[in-house]
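Each residue of the sequence shown is one higher than the last, beginning at 20 in this note's numbering. Taking it in order: structure first as structure tokens, then the write-up.
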Amino acid sequence: MRLEAGSSSDSREDPPGLSRGPRLVHPSVAVGKVILFGEHAVVYGQPALAVPVAAVTARAEVRAARGEWIDARTFGRHYRLAQATERDPLALAFRLAVEHCGQPLRNLELVVESTIPVAAGLGSGAAVATATVRAVAEHFGVHLAPEVVAALTFESEKLLHGKPSGIDNTVVAHERPIVFVKGQPSEPLHVARPFTIVIADSGLASPTRITVGDVAAGHAQDPERYQALFASIGALVARARAIIEGADPALLGPVMDENQRLLEALGVSAEINERLCAAARAVGALGAKLSGGGRGGNVIALVAPDSADAVAAALEAAGARRTITTQVGS
Ligand code: PMV
């Protein structure tokens, strides 16, 4: 089941003795993200480009409580920290951040809310962990550099995704367009001329761990074919970067289409992704591709600003659950 903001199904009562003021009085916020080019190949050392998406956010706050609690009702969960499993990414981010601040994790409640669809390629996991780490730092009056936030949240990403490249938590921690290569410090992506994309949520939740695992299995079976696909994607990323940093962004359209074709060849696309890409192109999008893990999740379409509404409407008519129009580099 997909859990959207406000769809909490937690009917349990509040923990006894917990003071319950208004929720999220001074929240720490983290934005969503999309990958413009290079997903999947980035896991194998190729570069990728990602940008923050401020239209969707995760928010968190840490406050004094009786006992230790996590209140994540957006996700339908409200529980004692002691009941969290070892594979709970939220509990891990909470614990690591408190430890990093040199404080005991005692009598604290973490409250988390999010408007970012889960398993949709918009960086929900990274944003929730980032908001958590920032909320802990805020609570203890500690300043954390984006690199430190990214390093702490990478541990949660590992629990969620198995073998993440680190691109999601890095772009969310830095909140600026980035060029990312696994294992290296990210570089800023300089957007010479702002451009507009429409992000369409396919409504098909698709855990990244599964598509990443399938690509790994394919790579193990036929390393030459997969390495060639990754290298082709890497070359497209270099072309896209050069366009974004200096040329007419409309030229990105064909690069997007080509990246989509290579993602299809990798086996991470799905009928809904291709239907949405085709619908966007049919009404004037300059290019379109899936973004993130694929097999559902979201699709991005490059548009001239005056065709954004028509493309968004066409995407919704073709089955997108919702769309977000955003300017990159504004
Ligand atoms: O599905 P998302 O938005 O979390 O993106 C995952 C991007 C991948 O390249 C598929 C995996 C990764 O860790 O980089």
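Cβ coordinates follow ideal geometry from the N, Cα and C atoms, glycine included.
What separation, rounded to the nearest whole angstrom, lies between the Cα atoms of residue i and residue j?
i: glutamate 264; j: phenylalanine 214; result: 12 Å
i: alanine 323; j: alanine 79; result: 35 Å
i: glutamine 203; j: alanine 169; result: 12 Å
i: leucine 321; j: glutamine 102; result: 45 Å
i: leucine 271; j: isoleucine 216; result: 11 Å
i: isoleucine 229; j: alanine 236; result: 10 Å
i: serine 30; j: threonine 149; result: Any answer about serine 30 is weak, because its pLDDT of 31 lies below 50 and its placement is not dependable; what the coordinates show is given next. Between serine 30 and threonine 149, the C-alpha separation is close to 27 Å.
i: valine 234; j: glycine 86; result: 43 Å
i: leucine 334; j: alanine 298; result: 6 Å
i: valine 62; j: valine 75; result: 25 Å
i: glycine 311; j: valine 231; result: 10 Å
i: arginine 153; j: valine 131; result: 12 Å
i: threonine 227; j: lysine 308; result: 16 Å
i: methionine 275; j: leucine 127; result: 46 Å
i: proline 35; j: tryptophan 88; result: Its pLDDT being 38, under 50, proline 35 is placed unreliably in this model, and the value from its coordinates should be taken loosely. Spanning the two alpha carbons is a distance of roughly 11 Å.
i: glycine 181; j: proline 108; result: 12 Å
i: serine 349; j: glycine 140; result: 22 Å
i: threonine 345; j: lysine 52; result: 11 Å
i: leucine 100; j: alanine 192; result: 24 Å
i: arginine 212; j: leucine 281; result: 26 Å
i: phenylalanine 56; j: threonine 151; result: 28 Å
i: threonine 342; j: histidine 97; result: 29 Å
i: proline 41; j: alanine 239; result: Bear in mind that a pLDDT of 46 at proline 41, under 50, signals an unreliable position, so the number given afterwards is only what the model happens to contain. The straight-line gap from Cα to Cα measures roughly 52 Å.
i: leucine 129; j: valine 287; result: 35 Å
What are the residues that DSSP puts in a beta bridge with residue i?
i: asparagine 317; result: Asp220 and Ser310
i: serine 133; result: Ala77
i: threonine 345; result: Ile216
i: phenylalanine 56; result: Leu68
i: isoleucine 291; result: Answer is none; isoleucine 291 lacks a bridge partner.
i: valine 50; result: Thr76
i: aspartate 90; result: His97 and Val130
i: arginine 82; result: Glu128
i: phenylalanine 199; result: Ala67
i: glutamate 206; result: Val198
Among the candidates the options, whose CA atom is the shortest distance from the CA of residue i?
i: valine 137; options: Ala77, Arg260, Ala112 and Ala301; result: Ala77
i: glycine 160; options: Val130, Cys120 and Glu290; result: Cys120
i: phenylalanine 113; options: His238, Ser175 and Asn188; result: Ser175
i: valine 259; options: Val198, Gly315, Ala219 and Val287; result: Residue identity differs from the one stated: residue 259 is alanine in this sequence, not valine. Ranking Val198, Gly315, Ala219 and Val287 by Cα distance to alanine 259 puts Val198 first.
i: valine 72; options: Gly57, Ile218, Ala239 and Glu128; result: Ile218
i: glycine 306; options: Gln279, Ala289, Arg314 and Gly316; result: Gln279
i: leucine 223; options: Gly57, Gly316 and Val191; result: Gly316
i: glycine 303; options: Ala289, Asp328, Glu283 and Leu281; result: Asp328
i: cysteine 296; options: Arg99, Val53, Val330 and His238; result: Val330
i: alanine 301; options: Asn188, Glu118, Ala337 and His193; result: Ala337
i: histidine 59; options: Arg125, Pro123, Val200 and Arg42; result: Val200
i: asparagine 292; options: Ala269, Asp267, Pro273 and Val318; result: Val318
i: threonine 134; options: Val155, Thr93 and Leu111; result: Thr93
Does at least one heavy atom of ligand 3 sit under 6 Å from the Cβ of residue i?
i: glycine 311; result: Inclusion of ligand 3 in the displayed structure is not the case, the ligand content consisting of ligand 1 alone.
Since residue i and residue j should fall inside the 8 Å C-beta cutoff, what is the C-beta to C-beta distance between them, to a whole number of angstroms?
i: alanine 116; j: leucine 171; result: 6 Å
i: serine 326; j: glutamate 157; result: About 41 Å separates the two Cβ atoms, so there is no contact after all.
i: alanine 49; j: valine 190; result: Between valine 190 and alanine 49 the Cβ distance is about 11 Å, and since that is not below 8 Å, they are no contact.
i: arginine 195; j: proline 207; result: 6 Å
i: alanine 284; j: leucine 248; result: 6 Å
i: serine 225; j: glycine 142; result: Not really, about 14 Å apart at Cβ, beyond 8 Å.
i: alanine 146; j: serine 221; result: Actually they do not touch by this definition, with Cβ atoms about 19 Å apart.
i: alanine 67; j: valine 256; result: 6 Å
i: leucine 178; j: leucine 124; result: Actually they are not in contact, since the Cβ atoms of leucine 178 and leucine 124 sit about 18 Å apart, beyond 8 Å.
Quiz item: Counting pairs of Cβ atoms below 8 Å between the region 252-272 and the region 154-165, do you hit three or more?
Solution: no
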